[in-house]
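A short write-up of the structure that comes next.
Numbering (the working numbering), first residue to last: 3 to 181.
Here you go:
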């Protein structure tokens with residue numbers, strides 16, 4: 003009788019072993035899948051961070067160009083504000099609306115190359131200036147008088163990462179300054 007009992011339990015222990023192996027395999031596959039998804043999510047967030055940083059560098063390029071325009075009109079020196087290609091004096095004075103100049107510079111940490119194109123769009127009065135359409139009315143003009151004129155500039159800044167040139171950002175802006 004003792005032998006019968008031992009033989010009856012032998013097949014059950016084999017089934018238990020197979021069940022434990024199947025459960026262990028299922029757990030291993032689950033852990034592998036979760037870790038794979040976590041790594042993909044981490045990689046996606048790193049890519050997003052890189053692109054937002056490049057766009058921040060492009061936005062900084064627009065601010066740099068606006069500073070150059072303001073410095074020019076305040077009578078300051080443009081020396082040391084970037085490497086220029088083109089006739090910046092013609093563009094900044096708005097002598098020709100077809101010319102543009104390019105500023106090639108780097109970010110402060112040297113991680114990004116920024117190329118900024120500035121061109122003059124012309125001199126125009128703001129819409130409704132001198133009439134009832136402008137609100138609030140320009141300073142010194144209440145219901146009539148001379149319109150306030152502005153010079154408009156187009157600024158296009160393209161930034162790319164020094165280590166990965168395919169990672170690029172571009173910002174376009176219109177800057178106006180009183181004429």
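A virtual CB, placed ideally from N, CA and C, is assigned to each residue, including glycine.
Under 8 Å between C-beta atoms of residue i and residue j
| i | j | result |
| --- | --- | --- |
| residue 173 | residue 60 | yes |
| residue 103 | residue 116 | no |
| residue 22 | residue 169 | no |
| residue 114 | residue 161 | yes |
| residue 157 | residue 75 | no |
| residue 112 | residue 164 | yes |
Same chain, Cβ closer than 7 Å to residue i, neighbours up to 5 away in sequence not counted
| i | result |
| --- | --- |
| residue 181 | 125, 151, 152, 153 |
| residue 64 | 157, 159, 173, 175 |
Beta-carbon proximity list for residue i, same chain, < 8 Å, skipping 5 on both sides
| i | result |
| --- | --- |
| residue 16 | none |
Cβ shell of residue i (< 6 Å), same chain only, five flanking positions each side left out
| i | result |
| --- | --- |
| residue 32 | none |
Presumed contact (8 Å Cβ cut-off) between residue i and residue j, rounded CB distance
| i | j | result |
| --- | --- | --- |
| residue 67 | residue 105 | 7 Å |
Residues bridged to residue i (per DSSP)
| i | result |
| --- | --- |
| residue 125 | 153 |
| residue 159 | 118, 173 |
| residue 103 | 120 |
| residue 167 | BP columns for residue 167 are empty, so no partner. |
Do the segment 115-124 and the segment 31-39 meet, that is, are 3 or more Cβ pairs less than 8 Å apart? For the pair of segments examined, the segment 115-124 was found not to touch the segment 31-39: the number of CB pairs separated by less than 8 Å stays below three.
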